[in-house]
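A quick write-up on the structure given underneath.
Number of protein chains: 2
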Amino acid sequence: MISMADIAKEAKVSRTSVSLALNERYIDGVSISEDIRNRIKKIAAKHGYRHNVLASSMTKGKSRMIGCLGLDQSEESALFVGQIMTAAIKAAAARDYSLKLLSSEATVEQLLDEICGYRLSGVIIRSRNHKMLERLTERLEHYHVPAVLVDTNYSDLGMSSVNSDDAEGVRQAVHHLYELGHRRINFIGFEDFTPFTIVRRGGYIQGLEECGLKLENNPCYFTDPGELRHPFERVEILAAKLLQEKTRPTAIIGNCDEVALLVLRAAWRLGINVPDQLSVIGVGDISPDLFSCPPLTTVARPYLSMGAAALNKLIDAPEETSNMVLPVNLVIRQTTAVCPINVE
Amino acid sequence: MISMADIAKEAKVSRTSVSLALNERYIDGVSISEDIRNRIKKIAAKHGYRHNVLASSMTKGKSRMIGCLGLDQSEESALFVGQIMTAAIKAAAARDYSLKLLSSEATVEQLLDEICGYRLSGVIIRSRNHKMLERLTERLEHYHVPAVLVDTNYSDLGMSSVNSDDAEGVRQAVHHLYELGHRRINFIGFEDFTPFTIVRRGGYIQGLEECGLKLENNPCYFTDPGELRHPFERVEILAAKLLQEKTRPTAIIGNCDEVALLVLRAAWRLGINVPDQLSVIGVGDISPDLFSCPPLTTVARPYLSMGAAALNKLIDAPEETSNMVLPVNLVIRQTTAVCPINVE
DNA sequence: TTGAAAGCGATACCAT
DNA sequence: ATGGTATCGCTTTCAA
Chain A
1 MISMADIAKE AKVSRTSVSL ALNERYIDGV SISEDIRNRI KKIAAKHGYR
51 HNVLASSMTK GKSRMIGCLG LDQSEESALF VGQIMTAAIK AAAARDYSLK
101 LLSSEATVEQ LLDEICGYRL SGVIIRSRNH KMLERLTERL EHYHVPAVLV
151 DTNYSDLGMS SVNSDDAEGV RQAVHHLYEL GHRRINFIGF EDFTPFTIVR
201 RGGYIQGLEE CGLKLENNPC YFTDPGELRH PFERVEILAA KLLQEKTRPT
251 AIIGNCDEVA LLVLRAAWRL GINVPDQLSV IGVGDISPDL FSCPPLTTVA
301 RPYLSMGAAA LNKLIDAPEE TSNMVLPVNL VIRQTTAVCP INVE
Chain B
1 MISMADIAKE AKVSRTSVSL ALNERYIDGV SISEDIRNRI KKIAAKHGYR
51 HNVLASSMTK GKSRMIGCLG LDQSEESALF VGQIMTAAIK AAAARDYSLK
101 LLSSEATVEQ LLDEICGYRL SGVIIRSRNH KMLERLTERL EHYHVPAVLV
151 DTNYSDLGMS SVNSDDAEGV RQAVHHLYEL GHRRINFIGF EDFTPFTIVR
201 RGGYIQGLEE CGLKLENNPC YFTDPGELRH PFERVEILAA KLLQEKTRPT
251 AIIGNCDEVA LLVLRAAWRL GINVPDQLSV IGVGDISPDL FSCPPLTTVA
301 RPYLSMGAAA LNKLIDAPEE TSNMVLPVNL VIRQTTAVCP INVE
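Order-wise, the sequence lines are chains A and B. Okay, so the first sequence: first residue is 1 according to my numbering, each after it adds one. Okay, so the second sequence: first residue is 1 according to my numbering, each after it adds one.
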């Protein structure tokens with residue numbers, strides 16, 4: 001592949017001139033003369049010259065590449081990470097940066113090899129592995145690589161984060177149900193008490209309080225880790241159990257959309273009509289919601305904004321640690337309705 | 001950040017020795033002596049040395065990075081691309097390669113800047129934009145960058161591809177329905193006649209023939225591009241129309257899962273029970289299938305294998321152009337059942 | 001087994 | 001406005 005030196009030779013100018021011309025650089029407002037610049041450009045185009053980013057990144061010691069950890073579908077079937085990534089890549093392209101994928105299965109050492117090896121200018125991390133994050137952030141700090149945690153926030157790690165205001169969303173969900181007349185609500189979820197569950201449950205409890213509802217009448221339930229089945233099945237079992245009690249809830253909020261969709265399924269299996277006999281709300285607004293019957297009412301998390309915000313933060317304020325919380329949006333579709341007078 | 005030269009100085013050896021030691025390189029089976037090597041390694045570890053991949057890639061002219069185009073969620077809501085990507089990243093990591101994301105919204109020239117600029121060793125492409133592909137492959141050939149098209153195959157482009165045997169899958173789907181007693185089947189899909197629709201329809205027609213069914217009694221329907229609604233709505237309208245005809249089909253095959261899920265929805269709206277009154281089959285096996293009511297019977301495409309195959313092909317046989325077709329698997333869940341005696 | 005020196009492609013500084 | 005030269009960090013001959 002043709003290099004700047006080759007062009008310089010053919011144009012009978014110095015490599016410096018070629019560099020200045022091709023990069024459109026101006027020192028104190030002036031640069032290479034029009035005609036020389038055009039001559040250089042023409043030669044470059046003729047040979048299909050491509051700027052060697054590896055070389056320039058090396059001299060500069062930075063690579064305009066940003067790493068993405070955990071934005072693939074490896075660990076969990078977290079569908080939405082794709083959206084975060086998509087927004088990030090778009091934001092990156094707009095600023096002439098690009099994204100490099102980091103394997104979710106790599107060890108911390110391997111990650112550091114990739115991150116430092118390519119002199120990445122930052123890393124977007126989506127992980128709930130606290131222990132790993134702890135070691136990783138400590139090392140990243142050592143190498144002065146800015147990082148931002150997206151979709152989670154472990155405040156003890158002292159690292160920047162971008163998240164959505166899920167507590168507020170769930171709070172609104174409770175109000176929505178209350179206004180529809182529901183007085184027997186349940187909040188259910190997986191048993192893993194990662195921050196996101198705690199935060200959302202917090203919003204739930206606050207919502208109850210504001211509506212004058214008591215937690216003991218509107219309890220939270222979590223799946224039983226003892227059950228040796230797939231987590232999805234556990235949720236369905238839990239939901240089915242709740243729906244078969246004699247004073248069953250008239251509304252259920254899932255701590256994420258997957259849970260809500262499984263509640264829909266449990267209801268369907270039991271012949272309970274949603275939303276006539278039961279209202280259901282999720283958190284997320286993931287794509288399967290679009291296909292559920294009926295379409296799911298949910299707290300829409302701004303995945304695209306989250307991806308873009310994370311990326312921009314790394315570029316605009318790499319040093320400063322910040323914790324961004326983006327607004328959510330209760331999307332009312334068709335799984336919520338006025339509470340039936342007689343559920344019993 | 002500490003460099004090899006720094007280490008060489010501290011260890012009082014040449015930079016060559018450091019390079020050889022750290023890379024564990026052996027020339028004719030021999031290399032740096034045990035103790036010197038250990039000394040070098042210890043110093044490197046002490047300072048947290050990280051190999052500068054930019055520098056070594058530059059000298060070598062290749063970067064052990066592979067580009068991914070169209071594996072984000074930009075254009076369509078193609079959920080499965082994430083799985084392809086995830087498999088690719090895993091396969092890459094296993095071979096000490098890594099993935100770089102290319103923006104789906106970039107122009108061909110911008111893509112080339114990224115691809116050649118970073119001296120990528122290959123590109124995985126997932127796109128159905130024939131015109132763009134045409135120009136891109138022509139240029140990539142010029143720069144000797146191997147590429148592989150995944151999830152599509154435009155045979156006229158003469159480029160390598162990795163795809164799944166969807167025709168065979170749909171053929172099997174027809175047989176499955178036939179064995180359940182169905183004699184009034186429809187194949188429906190979006191109106192866009194990209195290769196994948198044509199291929200799947202081909203499998204459908206072959207299946208019909210093998211079962212002795214006539215196409216005119218088991219027709220294909222496609223949405224009306226004239227309808228100025230969202231494609232999803234168009235599918236639902238089409239499905240609803242078919243389901244309301246006096247001799248409605250007893251089974252419908254969607255040309256992809258999205259279509260099948262929308263058929264489910266249309267049936268649900270009309271109070272038609274699936275699978276008792278209507279059988280439905282999709283193609284894909286995307287994640288929303290897991291949440292549908294009932295769980296969708298579908299032709300499962302091997303996304304993970306496709307991603308891995310595409311990546312391995314680029315590394316193992318970059319020169320040779322090949323067209324790989326991976327086997328699919330009819331996954332029978334709960335949307336297919338014995339044909340009801342009286343549909344009328 | 002180890003070292004010296006050239007080169008990869010581009011940038012930056014200092015001259016002219 | 002343009003050119004010369006050192007430099008970035010590493011690899012690769014070629015000698016010793």
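Think of the CB as a built atom: it goes at the ideal place given N, C-alpha and C, for glycine as much as any other residue. Remember, predicted model here, so these are calculated numbers, not experimental data.
Could you spell out the range, first to last residue, of the beta strand (DSSP E) harbouring residue i?
i              : result
V81 (chain B)  : Taken as a continuous stretch (DSSP letters only), V81 (chain B) belongs to no beta strand (DSSP E), being part of the alpha helix (DSSP H) at V81 to A94.
V263 (chain B) : Counting along the chain, V263 (chain B) falls outside any beta strand (DSSP E), though it belongs to the alpha helix (DSSP H) covering D257 to L270.
I2 (chain A)   : Counting along the chain, I2 (chain A) falls outside any beta strand (DSSP E), and DSSP gives it neither H nor E.
G254 (chain B) : A251 to G254
V325 (chain B) : N323 to L326
Put residue i into one of helix, strand or coil per three-state DSSP.
i              : result
A147 (chain A) : strand
S292 (chain B) : coil
V338 (chain A) : coil
M132 (chain A) : helix
K123 (chain A) : Before going on, a small fix: residue 123 (chain A) reads as Val here, not Lys. In this structure, V123 (chain A) counts as strand in the three-state DSSP scheme.
V162 (chain B) : strand
E344 (chain B) : At E344 (chain B), the pLDDT of 38 sits below 50, so the modelled position is not reliable; the number obtained from the coordinates is stated separately. Note: E344 (chain B) maps to coil in three-state DSSP.
S14 (chain B)  : coil
K246 (chain A) : coil
S31 (chain A)  : coil
Q277 (chain B) : coil
R171 (chain A) : helix
D72 (chain A)  : coil
G61 (chain A)  : coil
R139 (chain B) : helix
N312 (chain A) : helix
Y303 (chain A) : helix
A239 (chain B) : helix
Compare the C-beta of residue i against all C-beta atoms of chain A and say whether one is closer than 8 Å.
i              : result
H51 (chain B)  : yes
E134 (chain B) : no
D72 (chain B)  : yes
A239 (chain B) : no
D276 (chain B) : no
P231 (chain B) : no
H47 (chain B)  : no
R201 (chain B) : no
M1 (chain B)   : yes
H130 (chain B) : no
K90 (chain B)  : yes
P219 (chain B) : no
P288 (chain B) : yes
R333 (chain B) : no
S63 (chain B)  : yes
Which residues does DSSP pair with residue i in a beta bridge?
i              : result
T298 (chain B) : B:G282 and B:V331
L99 (chain A)  : A:I66 and B:L101
N186 (chain A) : A:I252
Looking at the secondary structure, which residues open and close the alpha helix (DSSP H) in which residue i lies?
i              : result
K42 (chain B)  : E34 to H47
G117 (chain B) : V108 to G117
G181 (chain A) : G181 (chain A) -> no alpha helix (DSSP H), and no H or E assigned at all.
D156 (chain B) : D156 (chain B) -> no alpha helix (DSSP H), and no H or E assigned at all.
Can you confirm whether residue i, when its beta carbon is compared against all beta carbons of chain B, has any partner nearer than 8 Å?
i              : result
S86 (chain A)  : The residue asked about is misnamed: residue 86 (chain A) is Thr in this sequence, not Ser. Taking Cβ atoms only, chain B reaches closer than 8 Å to T86 (chain A), which makes this a yes.
C256 (chain A) : no
D113 (chain A) : yes
M375 (chain A) : In the structure as shown, chain A starts at 1 and stops at 344, and residue 375 (chain A) therefore has no counterpart that could be examined.
M58 (chain A)  : yes
C211 (chain A) : no
E24 (chain A)  : no
F291 (chain A) : yes
C339 (chain A) : no
### Task
Only counting runs of 4 or more residues, tell me where the alpha helix (DSSP H) segments fall wholly within the region 191-235 of chain A, in order along the chain.
Correct list: 195-211.
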